[in-house]
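Below you'll find the structure, written out as structure tokens, and then a few comments.
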Amino acid sequence: MSDYDDETPDEPEVETYYPNVYMWVEHWLLPHWKRDLSPARWDARWWEYTEVLSRFEALWRAWEFLRLEGPTGMAVFFRDYLDTAMPIITASDGPFWRVEKVSRTRTLPEQWPSELPSPEDMPDLV
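Residue numbers for the sequence shown, in the working numbering: 44 to 169.
Quick look at the structure:
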């Protein structure tokens, strides 16, 4: 335990629904966040961007907490977390700013493409 930890050793660790942020993005976030890609920036290898990984980690942890907060928990998650973070993440001047915009003639996929990192690139699985 470090000086920055405010947990006591006898606090039980909260069990998460998803084992890590990578699974949460693939199985919850992308199926629930379907937008027109043409004005947005996105990279299927999103997990290689430190800022995106950090923001998604924060979103995942907030989701894990708020999913257990009763009938309004998910509404709070969308309003206070997801709806404010995703426009920043996918903005033309956001973390994916160097990714080419998707062609406007392309049809919208059912969800944004994503590639899972190898097990070595998922430190919380090792």
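Even glycine gets a Cβ: it sits at the ideal position worked out from N, Cα and C.
*CB contact below 8 Å: Pro130 versus chain B*: Of the chains in the structure shown, none is chain B; there is only one protein chain.
*asked:* Please list the terminal residues of the continuous alpha helix (DSSP H) segment that includes Gly137.
replied: Looking at the DSSP string, Gly137 is not in any alpha helix (DSSP H), and its letter there is neither H nor E.
*Are the Cβ atoms of Tyr60 and Arg104 separated by less than 8 Å?*
no
_C-beta contact flag for Phe99 and Val68 at 8 Å_ = yes
*Under three-state DSSP, which class holds Thr59?*
coil
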